[in-house]
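Enquirer: Numbering (the working numbering), first residue to last: 645 to 930. Ideal placement from N, C-alpha and C gives every residue a C-beta, glycine not left out.
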Amino acid sequence: MVRYTLKPNRTGPDSSLTLLAFTMRVFLSVVLTHSRKEPMTLISKPSMALALMTTLLGPVAFAQGPNPSTSQMPHAGYAVAHQVLHLSASAQTEVAQDWLVMSLSVQKEGLQAPAVQKQLNAVLSAALAVASPMAKPVALEVRTGEMNVSPRYGRDGKINGWVGTAQLVLQGRDAEQIATLAARLPEMTVSRIEWRLSAEQKNAAETRIQAEAVARFQTRAQALTQQFGFSAYTLREVRVNAQEASEGSVMPRMAMVQMDETPAAVPTMAGKSRVVVNLTGSIAMR
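1) Below 6 Å CB to CB, which residues in the same chain sit around ALA914 once its five sequence neighbours on both sides are set aside?
2) So, for ARG930: in the same chain, excluding its five sequence neighbours on each side, which residues have a beta-carbon less than 8 Å away from its beta-carbon?
3) Here's a check: name, in chain order, each residue in its chain whose Cβ is nearer than 8 Å to the Cβ of ARG880, leaving out the five neighbours to either side.
4) Let's see if you can read the secondary structure: which residues bound the beta strand (DSSP E) around LYS846?
5) Are ALA810 and THR788 closer than 9 Å when you measure CB to CB?
6) Considering only the alpha carbon of each residue, which of PRO758, ALA909, ALA859, ALA848 lies closest to THR737?
7) Please list the segments of the beta strand (DSSP E) lying wholly inside the region 763-798, counting only runs of 3 or more residues, in order along the chain.
8) Nearest to ALA625 by CA position, among LEU768, THR863, GLY808, is which residue?
9) Could you tell me the alpha carbon to alpha carbon distance between MET778 and GLU831, rounded to whole angstroms?
10) Quick one: measure Cβ to Cβ for GLY798 and ASN804, integer angstroms, because I've assumed they're closer than 8 Å.
11) Residues in its own chain within less than 6 Å of GLN751 by CB, not counting five upstream and five downstream?
12) Can you look up LEU700 in the DSSP assignment and give me helix, strand or coil?
13) Which residues mark the beginning and the end of the alpha helix (DSSP H) in which LEU825 is found?
14) Is it true that the CB of GLN854 sits closer than 9 Å to the CB of VAL884?
15) When you compare the CB positions of VAL739 and ARG918, do they come within less than 9 Å of one another, or not?
16) Taking GLY888 as the reference, give the member of VAL920, THR912, ALA766 with the closest Cα.
17) Rounded to the nearest angstrom, what separates GLN761 and PRO911 at their Cα positions?
18) According to DSSP, is GLN761 helix, strand or coil?
19) Could you tell me whether the Cβ atoms of GLN815 and LEU784 are closer together than 9 Å?
20) Could you pull out every residue in the same chain whose Cβ sits closer than 6 Å to the Cβ of ALA909, ignoring the five residues on either side in sequence?
21) Pick helix, strand or coil for SER732, following the three-state DSSP scheme.
22) Exposed or buried, ALA865, counting other C-beta atoms within 10 Å across all chains shown (16 or more means buried)?
23) Could you please give the first and the last residue of the uninterrupted beta strand (DSSP E) stretch that includes MET746?
24) Going by C-alpha to C-alpha distance, which of ALA843, LEU812, LEU731 sits closest to SER749?
25) Is GLN727 helix, strand or coil by DSSP?
26) Buried or exposed for GLU820, going by 16 or more other Cβ atoms inside 10 Å?
27) Quick check on DSSP: helix, strand or coil for ALA928?
Here it is, written out as structure tokens:
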């Protein structure tokens, strides 16, 4: 005896044709199997074929019927998607800059690259010998910057020598000491002056205005929720971003010009930086 079990794995109006085709294949398989074994028995008992067709086609009729759980209810995600609102808010403040970064450079030329690099190393070593004893954490920090040796080309396009540059960076809160030290370094010239906020000053400013940015976000979210005809909202996501916008760096006129034997301290003046906290997110109105 052969047992056939029909287990449809899809329901709904879209699956009726698939289920009908599957049912017919099962029916034909049954007919062919029995016709090979007992052809006369199957033909002589039409009630058996009718009963089999009724059993197999029953699920098809059921599948074609409406499904109240899906045909009368909108998709849940559709309604929620149209209640989501994206918005942003920000707060900003101006803070006096308290961190000076001064870059000093030296340039050397020669016919051989190793000779040029040796000259750069000598200048940096002499500068570090003067600057390192004056270094203090936060107040005056000393570090080496970029060093580069590149070929020099003539009018014929061929290499006729080498040019090298090296940097020494002085930075910290003590602008007076930094300017005085820069003037004492032999064979070094000031190539860049930049004022910015120290990490402590920047973090303190962000903390002060962060609460203001959050309050503005909440106020705007509540106002927009009411304007769209809803009574309340739920926060879905929010992103916080903080940035500093300074007035830029200064390129002194004396850049890349060797100082004389009795140089004066480099004049500097701090400006202000604008700290901005941005909030972007979305809410679900209800």
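Expert: The relevant details are as follows:
1) Reading the sequence shown from its first residue, position 270 is the one you call residue 914. Hits under 6 Å: GLN741, TRP839.
2) Position 286 of the sequence shown, counted from the start, is the residue given in the question as residue 930. Cβ within range, chain order: GLN727, PHE874, SER875, ALA876, TYR877, THR878.
3) For the purposes of this step, residue 880 is identified with residue 236 of the sequence shown, where counting begins at 1. Correct list, in chain order: VAL728, GLY925, SER926, ILE927, ALA928.
4) Walking along the sequence shown from the start, residue 846 turns up at place 202. For LYS846, there is no enclosing beta strand (DSSP E); the residue is part of the alpha helix (DSSP H) that begins and ends at 843-871.
5) The residue given as residue 810 occupies position 166 in the sequence shown. The residue given as residue 788 occupies position 144 in the sequence shown. Yes.
6) Taking the sequence shown and counting its residues from 1, one reaches residue 737 at position 93. Nearest C-alpha to THR737: ALA848.
7) Fully enclosed beta strand (DSSP E) runs of 3 or longer: 785-797.
8) The shown model of the chain, from 645 to 930, leaves out residue 625, and the question about it has no answer.
9) As a working note, residue 778 is residue 134 in the sequence shown. As a working note, residue 831 is residue 187 in the sequence shown. Rounded to the nearest angstrom, the two C-alpha atoms are 18 Å apart.
10) Mapped onto the sequence shown, residue 798 falls at position 154. Mapped onto the sequence shown, residue 804 falls at position 160. Rounded, the Cβ-Cβ distance is 4 Å, consistent with contact.
11) Counting from one through the sequence shown, the residue named residue 751 turns up at place 107. Short of 6 Å from the beta carbon of GLN751, and not among the five residues preceding or following it, lie these beta carbons of its own chain, in chain order: THR809.
12) For the purposes of this step, residue 700 is identified with residue 56 of the sequence shown, where counting begins at 1. Unreliable positioning characterises LEU700 in this predicted model, as indicated by a pLDDT of 49, which lies under 50. The coordinate reading is nonetheless provided below. Helix.
13) Mapped onto the sequence shown, residue 825 falls at position 181. Run containing LEU825: 819-828, per the alpha helix (DSSP H) assignment.
14) Taking the sequence shown and counting its residues from 1, the one referred to as residue 884 is at position 240. Taking the sequence shown and counting its residues from 1, the one referred to as residue 854 is at position 210. GLN854 sits close to VAL884, with the two beta carbons spaced by under 9 Å.
15) Here the question's residue 739 lines up with position 95 in the sequence shown. Here the question's residue 918 lines up with position 274 in the sequence shown. Taking a C-beta distance under 9 Å as the contact criterion, VAL739 and ARG918 qualify as a contact pair.
16) Numbered from 1 along the sequence shown, position 244 holds the residue referred to as residue 888. The amino acid at residue 888 is misidentified as Gly; the sequence shows Glu. For GLU888, the nearest C-alpha among the options comes from VAL920.
17) The residue given as residue 761 occupies position 117 in the sequence shown. The residue given as residue 911 occupies position 267 in the sequence shown. GLN761 and PRO911 have their C-alpha atoms roughly 31 Å apart.
18) Position 117 of the sequence shown holds residue 761. Helix at GLN761.
19) Position 171 of the sequence shown holds residue 815. Position 140 of the sequence shown holds residue 784. Cβ atoms of GLN815 and LEU784: closer than 9 Å.
20) The residue labelled residue 909 in the question sits at position 265 within the sequence shown. The residues are ALA823, THR824, ALA827.
21) The residue you call residue 732 lines up with position 88 of the sequence shown. Residue state, collapsed to three classes: strand.
22) For the purposes of this step, residue 865 is taken as residue 221 along the sequence shown, with counting starting at 1. For ALA865, the number of other beta carbons within 10 angstroms of its own is at least 16, and it is reported as buried.
23) On the sequence shown, residue 746 is found 102 positions in, with the first residue counted as 1. Unbroken beta strand (DSSP E) run through MET746: 743-754.
24) By one-based count along the sequence shown, residue 749 stands at place 105. When only C-alpha atoms are compared, the closest one is LEU812.
25) Locating residue 727 in the sequence shown gives position 83, where the first residue counts as 1. Reduced to three states, the DSSP call for GLN727 is coil.
26) The residue you call residue 820 lines up with position 176 of the sequence shown. By the Cβ-count criterion, GLU820 is exposed, with fewer than 16 other Cβ atoms from all chains shown falling within 10 Å of its own Cβ.
27) The residue given as residue 928 occupies position 284 in the sequence shown. It is a strand residue.
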